[in-house]
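> Below: one structure in structure tokens.
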Amino acid sequence: MKKKLYIKTYGCQMNMYDSARMADVLAPLGYAPSDSPEGADMIILNTCHIREKAAEKVYSELGRLREVQAGKAETGGRTLIAVAGCVAQAEGEEMLRRAPQVDLVVGPQTYHRLPELVARAERAGPGRGILDTDFPEEDKFDRLPEESRPQGPAAFLSIQEGCDKFCTFCVVPYTRGAEYSRPAADVLAEARRLVAQGTREITLLGQNVNAYHGEVPDGRGDWGLGRLTRELAEIDGLARIRYTTSHPRDVDDELIAAHRDVDALMPFLHLPVQSGSDRILEAMNRRHTADTYRRIVDRLREAQPNLAMASDFIVGFPGESDADFGETLRLVADIGFAQAYSFKYSPRPGTPASTVETQVPEEVKKERLAGLQQLLGEQQLAFNHRTVGRRLPVLLDRHGKKPGQLIGRSPYMQSVHVDAPARLLGRIVDVDITEALPNSLHGRVATAICESGADSAMDNQHVERAAI
Ligand code: SAM
Ligand code: SF4
């Protein structure tokens, strides 16, 4: 009989990818994914350490799960609880001490060992939690089985992990370990399998994805991300390539040229800058200036005039003055972002910035965040408005909330809602954009295509070239 596996994923796309792979690893043991924790034989919390009070949120979720465990025990069964991901890595032993209902604590680099760990946890019995937060010698990706389920029209593919940059605010180098790139042959093989299962768009993932330097298929040297995208674009049926998250320091000539030459590479780039002040960028150990960032964006836009930019910002980093914050606003005004994530700085235990004395008061952080988000929100809405009246190719990748509605992504990562028959799911269709909202667009599938059902016309990727 199948065992029920419930995975709750927190945080970024890398965690979503990891969760899918954990399900793959556990499938041979008879575990099949389930939508709810109730009655599950195993629950995995795949955690993220980036947001504030991340660990506390996991502990309170674990409190709730104790009841689920008790309910299962009443029927004579057992629910194994595993905590995976970056909170697991950071908390380690402490998690087993504070939450004895946890059977397994497993870090992001060791989840390929889950079958063995689960067997050990089953033997050990309740209250005798097992910990594996190593940074192992063996290659996790080598030990993972092939993906067991189709990922759908838009899929993630992890190509790089970890980080050696040690920004002074960030836990990633401690929780995800040293930078590592998967060999190019493995990435190409996984991409081909995804496409064979119906995937049209692949988002390449990595903490610093453009630091990618994967061993080439003949083992002689490395490919950077620019070269990798060129090779991926050769895969028949793969219409769209994206990558996230990148670091300004690792944008090289080859990657810029790929944005010029590779049609499948979508004209949208998430390139976090964090601050517009050189003083703060230095204190963050970002190793570039605000003007270097401006120049990189200029070069990228020269190569791909339609490029829509997205970024991450931190306000209230220790020592940030009004003038420093003003520099951030100036940079935002100069670049013009189509999307952005912005956060108040929050100290992460163990990171250098957390012990600096010049912490910015909460009130000031709040005010600066509101000011920045106002400006970024206006830019996003203005960007969305500029697409109204245009015809954009949209990959319809999911059902909407309303009956008969499908949702997809424009080349610029905007969510586009259309009324369309379910048979168009997974296809790239031309959509006339009729309305722009802050976080989405509405449109009509181009009539000629919809009425004629001329699917072949829709199989082509028409990347818009008109300036927007
Ligand atoms: N590798 C990417 C880069 O270098 O920009 C970012 C990865 S990080 C997982 C995602 C985002 O979380 C960062 O870009 C930053 O804006 C935010 N972040 C990370 N640590 C933070 C902290 N201590 N306080 C507030 N925001 C933080
Ligand atoms: Fe964290 Fe990104 Fe800096 Fe690495 S480059 S330490 S992942 S913010």
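Using this note's numbering, the letters of the sequence shown map in sequence onto residues 9 to 476.
Even glycine gets a Cβ: it sits at the ideal position worked out from N, Cα and C.
All values reported here derive from a predicted model rather than from experimental measurement.
(1) Just to confirm, does K3 get its C-beta within under 7 Å of one of the non-hydrogen atoms of the ligand SF4?
(2) Which value, in whole angstroms, describes the spacing of the CA atoms of A28 and T363?
(3) Should T395 be labelled buried (16 or more other beta-carbon atoms within 10 Å of its own) or exposed?
(4) If you count every other CB in all the chains shown that lies within 10 Å of the CB of D140, and 16 or more means buried, which is it?
(5) Consider the C-beta atom of P411 and the heavy atoms of the ligand SF4; say whether any pair is separated by less than 7 Å.
(6) Which residues mark the beginning and the end of the beta strand (DSSP E) in which D150 is found?
(7) Using the three-state DSSP reduction, which class does A298 fall into: helix, strand or coil?
(8) Go through the residues and name those whose CB comes closer than 6 Å to any heavy atom of the ligand SAM, in chain order.
(9) Closest to I322 by CA distance: which of I288, T297 and I343 is it?
(10) Any chance you could list the alpha helix (DSSP H) runs of at least 4 consecutive residues sitting entirely within the stretch 96-120, in chain order?
(11) Out of curiosity, what's the CA-to-CA distance linking Y420 and I304?
(12) Do the stretch 62-78 and the stretch 113-130 meet, that is, are 3 or more Cβ pairs less than 8 Å apart?
(13) Taking DSSP as the reference, what is the three-state secondary structure of D478?
(14) Check whether the stretch 346-364 and the stretch 169-178 are in contact - that is, three or more C-beta pairs closer than 8 Å.
(15) Among A78, K65, Y119 and R128, which residue has its Cα nearest to the Cα of M103?
(16) Assuming S166 contacts N216 under a Cβ cut-off of 8 Å, what Cβ separation, rounded to an integer in Å, is found between them?
(17) Going by beta carbon distance, what residues of the same chain come within less than 6 Å of G339, once the five residues before and after it are set aside?
(18) Tell me the residue span of the alpha helix (DSSP H) that contains F391.
(19) Report the three-state DSSP secondary structure of P45 (helix, strand or coil).
(20) Please tell me whether F351 and S319 are closer than 8 Å, where the distance is taken between their beta carbons.
(21) Is the stretch 240-260 touching the stretch 209-224 in the sense that three or more CB pairs, one from each, lie closer than 8 Å?
(22) Judging by CA-CA distance, which residue of A35, G100 and Q168 is the nearest neighbour of N23?
(23) For P123, which three-state DSSP category applies?
(24) Can you name, in chain order, every residue of its own chain whose Cβ lies under 8 Å from the Cβ of V33, other than the five neighbours on each side?
(25) When you compare the stretch 407-416 with the stretch 373-393, are there three or more beta-carbon pairs, one atom per stretch, that lie closer than 8 Å?
(26) Can you tell me which of V270, M274 and G234 puts its alpha carbon nearest to the alpha carbon of D258?
(27) Please name the residue, chosen from W231, D226, E223 and P161, that lies closest to L202 on a Cα-to-Cα basis.
(28) Counting only runs of 4+ residues fully inside the stretch 159-245, write out the alpha helix (DSSP H) ranges in chain order.
(29) For G214, which residues of its own chain have a beta-carbon under 6 Å away from its beta-carbon, when the five flanking residues on both sides are left out?
(30) Rounded C-beta distance between M50 and T87? I'm assuming under 8 Å.
(31) Please classify L315: does DSSP put it in a helix, a strand, or coil?
(32) Given a cut-off of 8 Å, decide if A192 and E239 are closer than it, judged by their beta-carbon atoms.
(33) Quick one: is T83 buried, meaning 16 or more other Cβ sit within 10 Å of its Cβ, or exposed?
(34) Just how far apart, CA to CA, sit E497 and K148?
(35) Looking at L403 and Q422, is the spacing between their C-beta atoms short of 8 Å?
(36) Look up L400 in the DSSP assignment and say whether it is helix, strand or coil.
Taking the definition as stated:
(1) The structure shown does not extend to residue 3, since the chain is modelled only from 9 through 476, so no value can be given for it.
(2) Within the sequence shown, residue 28 is the residue found at index 20, counting from 1. Within the sequence shown, residue 363 is the residue found at index 355, counting from 1. When rounded, the distance between both Cα atoms is 37 Å.
(3) Here the question's residue 395 lines up with position 387 in the sequence shown. It is buried - the Cβ of T395 has at least 16 other Cβ atoms within 10 Å.
(4) Taking the sequence shown and counting its residues from 1, the one referred to as residue 140 is at position 132. Classification for D140: buried.
(5) For the purposes of this step, residue 411 is taken as the residue at position 403 of the sequence shown. No - the ligand SF4 has no heavy atom lying nearer than 7 Å to the Cβ of P411.
(6) For the purposes of this step, residue 150 is taken as residue 142 along the sequence shown, with counting starting at 1. Counting along the chain, D150 falls outside any beta strand (DSSP E), though it belongs to the alpha helix (DSSP H) covering K148 to R151.
(7) Position 290 of the sequence shown, counted from the start, is the residue given in the question as residue 298. Looking at A298 - three-state DSSP - the assignment turns out to be helix.
(8) I58, F177, C178, V180, Q215, N216, T253, H255, P280, Q282, D320, I322, F351, Y353, S354 and R356
(9) As a first step, residue 322 is located in the sequence shown; it is residue number 314 there, counting from the start. The shortest C-alpha separation from I322 is found at I288.
(10) 101-106
(11) Indexing the sequence shown from 1 puts residue 420 at position 412. Indexing the sequence shown from 1 puts residue 304 at position 296. For Y420 and I304, the distance between alpha carbons rounds to 19 Å.
(12) no
(13) One cannot answer for residue 478 here, as it falls past the ends of the chain, which runs 9 to 476.
(14) yes
(15) Within the sequence shown, numbered from 1, the residue matching residue 103 stands at position 95. Minimum Cα distance to M103 is reached at K65.
(16) Translated into the one-based positions of the sequence shown, residue 166 becomes position 158. Translated into the one-based positions of the sequence shown, residue 216 becomes position 208. Wrong, their Cβ atoms sit about 12 Å apart, outside the cutoff.
(17) For this step, residue 339 is matched to residue 331 along the sequence shown. Here the sequence assigns Leu to residue 339, which means Gly is not the residue at that position. The answer, listed in chain order, is G284 and A298.
(18) As a working note, residue 391 is residue 383 in the sequence shown. Its alpha helix (DSSP H) spans residues E370 to H393.
(19) The sequence position of residue 45 within the sequence shown is 37, counting from 1. Coil at P45, not helix or strand.
(20) Counting from one through the sequence shown, the residue named residue 351 turns up at place 343. Counting from one through the sequence shown, the residue named residue 319 turns up at place 311. No. Outside cutoff.
(21) yes
(22) Numbered from its first residue, the sequence shown carries residue 23 at position 15. The shortest C-alpha separation from N23 is found at Q168.
(23) As a working note, residue 123 is residue 115 in the sequence shown. In this structure, P123 counts as helix in the three-state DSSP scheme.
(24) Indexing the sequence shown from 1 puts residue 33 at position 25. Only Y119, H120, L122, P123, L152 and P153 meet the Cβ criterion.
(25) no
(26) Translated into the one-based positions of the sequence shown, residue 258 becomes position 250. Measuring from the Cα of D258, the nearest candidate turns out to be G234.
(27) In the sequence shown, residue 202 corresponds to position 194, counting from 1. When only C-alpha atoms are compared, the closest one is P161.
(28) 180-183, 192-204 and 233-241
(29) Residue mapping note: residue 214 aligns to position 206 of the sequence shown, counting from 1. Hits under 6 Å: I167 and Q168.
(30) Position 42 of the sequence shown holds residue 50. Position 79 of the sequence shown holds residue 87. Correct: roughly 7 Å between the Cβ atoms.
(31) The residue you call residue 315 lines up with position 307 of the sequence shown. Looking at L315 - three-state DSSP - the assignment turns out to be coil, as it is neither helix nor strand.
(32) In the sequence shown, counting from the first residue as 1, residue 239 sits at position 231. In the sequence shown, counting from the first residue as 1, residue 192 sits at position 184. Against a cut-off of 8 Å, the Cβ pair of A192 and E239 comes out as a contact.
(33) Reading the sequence shown from its first residue, position 75 is the one you call residue 83. Looking at its Cβ environment, which holds fewer than 16 other Cβ atoms inside 10 Å, T83 is exposed.
(34) Summary: the structure shown does not reach residue 497, with the chain confined to residues 9 through 476, and so no result is reported for it.
(35) Position 414 of the sequence shown, counting from 1, holds the residue named residue 422. Position 395 of the sequence shown, counting from 1, holds the residue named residue 403. No.
(36) Here residue 400 refers to the residue found at position 392 when the sequence shown is read from its first residue. L400: strand per DSSP, three-state reduction.
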